[in-house]
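Residue 2 is where the sequence shown starts when you use our numbering, and the numbers rise one by one after that. First the structure, in the form of structure tokens, and then the observations on it.
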Amino acid sequence: MRLKDKIAVIIGAGQGPGTGMGNGRATAIRFAQEGATVLCADRDLKSAEETVAWVAKEAKGAGKAAALEADVMTEASMQAMVKHAADTYGRIDVLHYNVGVSLGGGDASPTEITVEAFDRVVAINLRGMVLAAKHALPVMRKQQSGVILGISSVAAWEVYPYVTYKATKAAMVAYIQQLAIHNAEHGVRANVILPGLMDTPMAVDTRARHAGKTRDEIAAARDAKVPLRRKMGTAWDVANAALFLASDEANFITGVSLPVDGGALVNVG
Numbered sequence: 002m003r004l005k006d007k008i009a010v011i012i013g014a015g016q017g018p019g020t021g022m023g024n025g026r027a028t029a030i031r032f033a034q035e036g037a038t039v040l041c042a043d044r045d046l047k048s049a050e051e052t053v054a055w056v057a058k059e060a061k062g063a064g065k066a067a068a069l070e071a072d073v074m075t076e077a078s079m080q081a082m083v084k085h086a087a088d089t090y091g092r093i094d095v096l097h098y099n100v101g102v103s104l105g106g107g108d109a110s111p112t113e114i115t116v117e118a119f120d121r122v123v124a125i126n127l128r129g130m131v132l133a134a135k136h137a138l139p140v141m142r143k144q145q146s147g148v149i150l151g152i153s154s155v156a157a158w159e160v161y162p163y164v165t166y167k168a169t170k171a172a173m174v175a176y177i178q179q180l181a182i183h184n185a186e187h188g189v190r191a192n193v194i195l196p197g198l199m200d201t202p203m204a205v206d207t208r209a210r211h212a213g214k215t216r217d218e219i220a221a222a223r224d225a226k227v228p229l230r231r232k233m234g235t236a237w238d239v240a241n242a243a244l245f246l247a248s249d250e251a252n253f254i255t256g257v258s259l260p261v262d263g264g265a266l267v268n269v270g
């Protein structure tokens, strides 16, 4: 019960089409299993409601969840989401931004990127996080406590072929550091997770569709690149890292970038 009586807002708690579990859904389940009340926010309300059903099944009453439609593309939606959480639960203990897109948003190489794709990926991967934190921070500062978590990627630091995903994930690291130092006096912690090659619908199924290959082919190629056991991580690895950073066990940790990557970044340099 590491998050007993905590209120957590997870943005991107649903997931896209594909096989298996996404990071947001797994994190919602783990938070609820540890006692949290989780507001599952997603632009796809049906998918968020499916996450709530998963929570009810897997948390076994330890925590609970509710679904909310929210779109990271608009500030009004982020503001309304924060207001709903604060009005409904009286506080916000954890804000977890789990939204991201690359190929699915039209991301491309430096010579092929379009203005439209660049703007779309920036808005989803970074601007939404900035706007969500903008409206959650006054609530957390008033409480004199709170945790803000972002999902970056090892792509921020390693070789990666697509322009906007790399740029936004690197910016996420810098932004979290800024949040951490400017809100430390208010008791608000901010940290970022850098997943490596993960076996999730967004990472594997999206690439399979774009490459015209089977899911198994994409998964095997990704597995072969992972130093640790030659096997990708899963959404549960990301969820457990988020759980630790959200909990009081990480009470003295702020401004850090935590790789969850099976040793991938050891190879950098």
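Note that beta-carbon positions come from the ideal geometry of N, C-alpha and C, so glycine has one too. This structure is a prediction, so every number in the text was calculated from the model and none was measured.
Using a Cβ distance threshold of 9 Å, V160 and L198 do not count as a contacting pair.
Taken in chain order, the whole beta strand (DSSP E) runs of length 3 or more contained in the region 67 to 148 are 95 to 98. Taking C-beta separations shorter than 6 Å and ignoring five residues to either side along the sequence, the partners of D45 in its chain run G15, following chain order. The alpha-carbon of K47 is positioned some 14 Å away from that of I12. If you draw a straight line from the Cα of Q178 to the Cα of K232, it comes to about 30 Å. In terms of Cβ geometry, I152 and Y98 form a close pair [threshold 9 Å].
Counting only the Cα atoms, V155 lies some 29 Å from E51. For I177, the enclosing alpha helix (DSSP H) has its first and last residue at 164 to 184.
Here F253 is exposed, its C-beta having fewer than 16 other C-beta atoms within 10 Å. For V261, the three-state secondary structure derived from DSSP is strand.
Excluding five sequence positions before and after V257, the CB atoms of its chain that fall closer than 6 Å to its own CB belong to N192, given in chain order.
Between G107 and E117, the C-beta spacing is below 9 Å. Counting C-beta pairs with one atom in each stretch, the region 22 to 29 and the region 113 to 133 have fewer than three that are closer than 8 Å, which means they do not touch. Look at the region 189 to 224 and you find these whole runs of beta strand (DSSP E), each 3 residues long or longer: 189 to 196.
If you compare the alpha carbons of Y163, I149, K167 with that of A157, the shortest gap goes to K167.
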